[in-house]
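Notes follow the structure.
Protein chains in written order, with the numbering used here: chain A, 1 to 462; chain B, 1001 to 1462.
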């Protein structure tokens, strides 16, 4: 005899909650914040005691109310705890700033987080759903250098004249890096630098990840023309040859490349991303190239909703800080629909993958309790099965897919012990009841022929 | 009664040749040089007197033999004449340099050409074949700023220390552009500039092209983060608003954008290129973004073989210099097959589009004789019809497609007056004769039963 759902539900919400390992939870904005609250209420809180989580509100309102103190508090807490989940946030335009009555236009949190956590790399990988093909068949892993490049540039808008860039070493030696004449009336002059010390850490992270997933790694640069990028490649190559080459060779992952690590020119990489539609490759690239190429991958793999995003940093004591987020934004148009009473069907997979990643990293920092990973593995599996059996959201299951709220309920009930069949039956009962209530215009709990005819007529008029 | 082919052939090769307007013809290397020679022998020389064309050999051998004098001669001639066709060339790697016994490793001709011709923009558009879908349904036009960006950067590989970039104006005023501390042990410091004076010319070229083809234009930058790119956008916007806005609005091309020119962030553009698979859009971008995005477009549109490439420059007297080339390389693997006696099937469309472009521009500089454009229009149309009716090369027509030489012959015969049906009949006769000759082992012009059986047995053994 099956246990009753009620009993299980009590069990889950009762004394037996698991202790969620300490984690930073950054709240954001709009549709994604609403959906994440549903997820917490239905999927996490019934099973975990999250009293050790620290919450920070990085919505525009939250930042403005605290004069952005909440931003630096979140970074500090992230450094202490080492595991961070972040919802999508809004970086307000000038128009939004005025509309929201903000004191100033707050910048993207990315810069502060990368700096505060000594950002090494942003890993962005394809999400795969068993039994359902999105874009690539096999995983695509990406490592984007989290620092350097034009993001940290200074510039001048200049007329005719001469420009000189000089370097003064710690012991006072002076060296001229660049001298150029500007002959146009209008010029933009740009200086930036790539700090390269942490490329070794990036390399280890990339090559160990690719090896674990049986993926062929490529290092992507434009070094044939941008000669200073040779150094990124050479560091990657050194780490590979010293620590990974033998294992990769043993795994047969170098069979197609004469036993050597492959370099790929960045513009050729834009082509490979489309051509290699089977997936099964990894790319590591500089900051801006990574920005461009990961967005291209996300579109090829259906949408940014199916790409992970993890910022890897390093605390001074060597502990790896990991911040997980979805690759998509706050889904403003769905939020508008929701507020206008229009049904939505938000796919939470990207955010939930981030939550799972953060919880698992938090767990690993606290001694790896299997009960936590058992739960996250089960959660992922339930979502995949729902998506693959037509019980997912409408982006994947079409017009008959579930609404935001129905989907959260369907998975939540299974986490609390219902079988998929039971949860589906309950869902069907609920949506049928909704239709019934619409037809039963006199609310007497019964449909007369007149009521059904009135409905049919209304349908015809539409 | 149809005219006999022989008569037409004499007519074409006789006194009635058209005078080809003066043009620079840059020869390259490998398969593309071989195929272009076939094209010249069969398609152009029978109909044109090309004695006013100036030829330059930019093969590695040609550059080495002349100590690269041929490179500067070609640039000078291009400046004089204003219309240039260029075959793909090889930029030798160190390995190739040694193998070929070159005195030095010659760089890509691109830099010298862009500088010598005051390069403004490289236009790269999709090629479309009537009756055959490649990638995009409607044209995609691209304008890549031909100067500026990291291609002209200087850099230093540096340890800890400080970096300072200063500008000295023509009248001696000094201004600090950038000051930064390097805290890593290893850093790459980069300075470059974007000369912006010719963006006005780029804008006119782009907007007039898009308008002519009824295409929605987008300006692509990363100006939200790379603030110095605002200037490129503002110049484009000014030219658009002053000279084109009304005409675009009248054509209905601004209906989807509230009547305004659209800006697109570069990383979002990598997604649009895949999402907007119907085509019908144009993009104008900075140099490196253009490099990346045009390669992505070329892959989405099947291959670089179906993308044009035209460098637009400007002579001091205001005459527009145009250099046309294919977007693909020298097709080294096919060249190896050819040299090993293996049949090839090279699609010359990309190169022939470039040749047509150069001939038409040369013609326009000389007073626009309609006989020239009648010929080029007919040539393009014959190629398209062949590709769409299974008489094209194997990249488009599969295994039953024609070889490199068969295809050139098939089109050449039609240019000389044969109908498509006659040319096809002749082609079938020729390939049947080849098979017959193989079977007729005693070369007596007749097949005996034994000969056919011997052949059947050989087939079975394979």
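We put the beta carbon where it would ideally sit given N, CA and C, even for glycine.
Reduced DSSP secondary structure (H/G/I, E/B, other) of residue i
i: residue 449 of chain A; result: helix
i: residue 1133 of chain B; result: coil
i: residue 426 of chain A; result: helix
i: residue 1008 of chain B; result: With a pLDDT of only 45 at residue 1008 of chain B, under 50, the local geometry of the prediction cannot be trusted, and the value read off the model is given with reservation. Residue 1008 of chain B: helix per DSSP, three-state reduction.
i: residue 1455 of chain B; result: helix
i: residue 1106 of chain B; result: coil
i: residue 140 of chain A; result: strand
i: residue 153 of chain A; result: coil
i: residue 1229 of chain B; result: helix
i: residue 18 of chain A; result: strand
i: residue 415 of chain A; result: helix
Residue nearest to residue i in terms of C-alpha spacing, selected from the options
i: residue 311 of chain A; options: A:122, A:171 and A:186; result: A:122
i: residue 215 of chain A; options: A:139, A:197 and A:284; result: A:139
i: residue 1049 of chain B; options: B:1425, B:1427, B:1104 and B:1372; result: B:1372
i: residue 183 of chain A; options: B:1188, B:1170, B:1128 and B:1191; result: B:1170
i: residue 278 of chain A; options: A:137, A:161 and A:366; result: A:137
i: residue 1205 of chain B; options: B:1106, B:1243 and B:1255; result: B:1243
i: residue 59 of chain A; options: A:413, A:397, A:189 and A:106; result: A:106
i: residue 142 of chain A; options: A:368, A:323 and A:210; result: A:210
i: residue 1308 of chain B; options: B:1325, B:1111, B:1300 and B:1374; result: B:1325
i: residue 949 of chain B; options: B:1052, B:1109, B:1040 and B:1081; result: One cannot answer for residue 949 of chain B here, as it falls past the ends of chain B, which runs 1001 to 1462.
i: residue 1378 of chain B; options: B:1360, B:1181 and B:1393; result: B:1360
i: residue 208 of chain A; options: A:245, A:225, A:95 and A:366; result: A:245
i: residue 1335 of chain B; options: B:1327, B:1344 and B:1328; result: B:1344
Beta-carbon proximity of residue i to residue j, cut-off 9 Å
i: residue 387 of chain A; j: residue 202 of chain A; result: no
i: residue 1145 of chain B; j: residue 1232 of chain B; result: yes
i: residue 348 of chain A; j: residue 35 of chain A; result: yes
i: residue 130 of chain A; j: residue 381 of chain A; result: yes
i: residue 1237 of chain B; j: residue 1269 of chain B; result: no
i: residue 290 of chain A; j: residue 124 of chain A; result: yes
i: residue 217 of chain A; j: residue 284 of chain A; result: yes
i: residue 1426 of chain B; j: residue 1047 of chain B; result: no
i: residue 407 of chain A; j: residue 31 of chain A; result: no
i: residue 1362 of chain B; j: residue 1020 of chain B; result: yes
i: residue 456 of chain A; j: residue 38 of chain A; result: no
i: residue 1195 of chain B; j: residue 1147 of chain B; result: yes
i: residue 1168 of chain B; j: residue 191 of chain A; result: no
i: residue 1222 of chain B; j: residue 150 of chain A; result: yes
i: residue 357 of chain A; j: residue 119 of chain A; result: no
i: residue 1247 of chain B; j: residue 1219 of chain B; result: no
i: residue 447 of chain A; j: residue 439 of chain A; result: yes
i: residue 1189 of chain B; j: residue 1155 of chain B; result: yes
i: residue 1024 of chain B; j: residue 1081 of chain B; result: yes
i: residue 1389 of chain B; j: residue 1420 of chain B; result: yes
Opposing strand residues paired with residue i [DSSP bridges]
i: residue 1055 of chain B; result: B:1025
i: residue 1194 of chain B; result: A:188
i: residue 1393 of chain B; result: B:1402
i: residue 1465 of chain B; result: For residue 1465 of chain B there is no data in the structure shown, the boundaries of chain B being 1001 and 1462.
i: residue 1310 of chain B; result: B:1123 and B:1324
i: residue 180 of chain A; result: A:163
i: residue 265 of chain A; result: A:221
i: residue 1158 of chain B; result: B:1187
Own chain partners of residue i with C-beta closer than 7 Å, once the 5 adjacent residues on each side are dropped
i: residue 4 of chain A; result: For residue 4 of chain A, the predicted structure reports a pLDDT of 41, less than 50, and the residue's modelled location is therefore unreliable. A value from the coordinates is still provided. Contacts found: none.
i: residue 383 of chain A; result: 349, 352 and 411
i: residue 200 of chain A; result: 235 and 239
i: residue 272 of chain A; result: 264
i: residue 971 of chain B; result: The structure shown does not extend to residue 971 of chain B, since chain B spans only 1001 to 1462, so no value can be given for it.
i: residue 1044 of chain B; result: 1050
i: residue 1331 of chain B; result: 1030, 1031, 1032 and 1346
i: residue 92 of chain A; result: 60, 100, 102, 105 and 106
i: residue 62 of chain A; result: 70
i: residue 302 of chain A; result: 134 and 135
Nonlocal neighbours in the same chain, by C-beta distance under 6 Å from residue i, ignoring five residues either side
i: residue 1355 of chain B; result: 1085
Contacts around residue i, its chain only, beta-carbon distance under 8 Å, and the 5 residues preceding and following it disregarded
i: residue 1103 of chain B; result: 1064 and 1067
i: residue 1249 of chain B; result: 1259
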